[in-house]
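S.K.: Each position in the sequence shown, counted from 1, maps to that position plus 24 in the numbering used here.
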Amino acid sequence: QVQLVESGGGLVQPGGSLRLSCAASGNIFRIDRMNWYRQAPGKERELVASISGGGITDYSSFVKGRFTISRDNAKTTVALQMNSLNPEDTAVYYCKLCMNPSCDIVYWGQGIQVTVSS
25 QVQLVESGGG
35 LVQPGGSLRL
45 SCAASGNIFR
55 IDRMNWYRQA
65 PGKERELVAS
75 ISGGGITDYS
85 SFVKGRFTIS
95 RDNAKTTVAL
105 QMNSLNPEDT
115 AVYYCKLCMN
125 PSCDIVYWGQ
135 GIQVTVSS
């Protein structure tokens, strides 16, 4: 089994920054793609950013230029640096780890609240 623990969420004013972290532990042989998703109230969960095992990043258009995803393979963590936050970024953020290249073995974090409000 693999356990994921997310941290770093909270309340921030518009224009502010937060850094989310997701740490994996347990029976880990390899971690392929690492992803951040989010789900706002009344909306479907959506992909925010992902990073491949080789460090190639991909971002959804609504966060490109504001968010940065990174990974530390030694510590099996993935982080999401979020800058220039706006109220539309308010959501529960989830990390999802793909344990193989086809991403059919995955683990989800429990979710962490990010609220952007003045």
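We put the beta carbon where it would ideally sit given N, CA and C, even for glycine.
For residue 41 versus residue 101, is the C-beta spacing smaller than 7 Å?
M.R.: Here residue 41 corresponds to residue number 17 of the sequence shown, with the count starting at 1. Here residue 101 corresponds to residue number 77 of the sequence shown, with the count starting at 1. The answer is no: Cβ separation not under 7 Å.
S.K.: To the nearest angstrom, how far is it from the Cα of residue 50 to the Cα of residue 26?
M.R.: By one-based count along the sequence shown, residue 50 stands at place 26. By one-based count along the sequence shown, residue 26 stands at place 2. About 5 Å.
S.K.: Taking 7 Å as the threshold (C-beta atoms), are residue 91 and residue 103 in contact?
M.R.: Here residue 103 refers to the residue found at position 79 of the sequence shown. Here residue 91 refers to the residue found at position 67 of the sequence shown. No.
S.K.: Enumerate in chain order the residues of its own chain whose CB-to-CB distance from residue 84 is below 8 Å, with the five nearest sequence positions on each side excluded.
M.R.: Residue mapping note: residue 84 aligns to position 60 of the sequence shown, counting from 1. If we look at residue 84 and ignore the five residues flanking it on each side, its Cβ neighbours are 70, 71, 72 and 73.
S.K.: Out of 37, 48 and 135, point me to the one whose CA is closest to residue 122's CA.
M.R.: Here residue 122 corresponds to residue number 98 of the sequence shown, with the count starting at 1. If we check each option's Cα against that of residue 122, 48 comes out closest.
S.K.: Could you check the C-alpha separation between residue 132 and residue 81 for me, to the nearest Å?
M.R.: Translated into the one-based positions of the sequence shown, residue 132 becomes position 108. Translated into the one-based positions of the sequence shown, residue 81 becomes position 57. Looking at the two C-alpha atoms, the distance is approximately 19 Å.
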